[in-house]
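In the numbering used here, the protein residues as written are 140 to 338.
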C-alpha cells in the first residue's frame, strides 16, 4: 500500500514537473515570439517615415512661400516695366515730333510765299506735302496750342514782347501776335508758343 502511495506521489510529482516544464517551454516560446515580432520594426519604420513626411511638408511650405514671393515680385517688376516702357515710348515720340516741328514751320513759311503763285505746280506740291505732314502729326495726337486772341498763359505761352494796344483792339495781357506756334502731344507740351502780348 505504501508502494501505491509512493507511486501515486511520484506520478503526481512527475505530472507537476511535466506541467512546469511545459509552462516554462511555453513562456520561453512566447518570449521568443515577442522578440521576433515585426511590430517593433514596423513602429521604427513608421516613426522614420513620419519624420521624413514632416520634413517634406516643411520643405514644401518653404518652396511654396518662395514661389509665391518670387511670383509676386515678378508681377510687380512686370507692372513697373510696362509703365517704364510706355513712358519711354511717349518720350521717344515727343522727342521725334519736337525735331519735326521746325520742318513744319518751314513748310508754313513756304506756303506763305507760295500764295503769289496759286496755280503753280510747285505751290500745289508744297501744300500737299504740308497737309500730309499735318495729318500725320494729328494722327499722333499732336495739336497746336491756341494762342492768338487768348489770355496769356505762362504754362503754354512764352512772351517775347509786350506792346501797347488800344483797349478796343485787345484786353490787357492778351496774345496779339504769334511769332512761333506752340504744339502739344496729348497733354505734354512739346514747344511753347512764342507770342507778343498786349500791355
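Yeah, the Cβ is synthetic: ideal placement off N, Cα and C, and Gly gets one too.
Treat the numbers as computed from the prediction; the structure is a model and nothing was measured.
Looking at the unbroken alpha helix (DSSP H) that takes in residue i, where does it start and where does it end?
i	result
residue 270	260-278
Starting from residue i and walking both ways along the beta strand (DSSP E), at which residues does that stretch end?
i	result
residue 283	281-283
residue 337	332-337
residue 324	322-324
residue 318	314-319
residue 290	From DSSP, residue 290 is part of no beta strand (DSSP E); its letter is neither H nor E.
Considering only residues of the same chain and omitting the five flanking positions on each side of residue i, which have a CB-CB separation below 8 Å?
i	result
residue 244	319 and 320
residue 332	284, 286, 295, 296, 297, 314, 317, 319, 320 and 321
residue 299	318, 333, 334 and 335
residue 236	276, 279, 281, 322, 324 and 329
Classify residue i as helix, strand or coil using the three-state DSSP reduction.
i	result
residue 298	strand
Using a Cβ-Cβ cutoff of less than 7 Å, which residues in the same chain neighbour residue i once the five nearest sequence positions on both sides are dropped?
i	result
residue 280	324 and 325
residue 338	301, 302, 303 and 311
residue 183	none
residue 201	none
residue 256	262
Taking residue i as the reference, give the member of the options with the closest Cα.
i	options	result
residue 309	301, 288, 293 and 299	288
residue 276	302, 263, 197 and 238	238
residue 329	231, 200, 265 and 256	231
residue 265	242, 186 and 292	242
residue 250	216, 267 and 306	267
residue 247	273, 236, 233 and 226	273
residue 269	240, 290, 291 and 258	240
Cβ of residue i less than 8 Å from any chain C Cβ?
i	result
residue 250	Checking the listed chains, one finds no chain C in this structure; it contains a single protein chain.
Ignoring anything shorter than 3 residues, give me the beta strand (DSSP E) runs that lie fully in the region 188-254, in order along the chain. none
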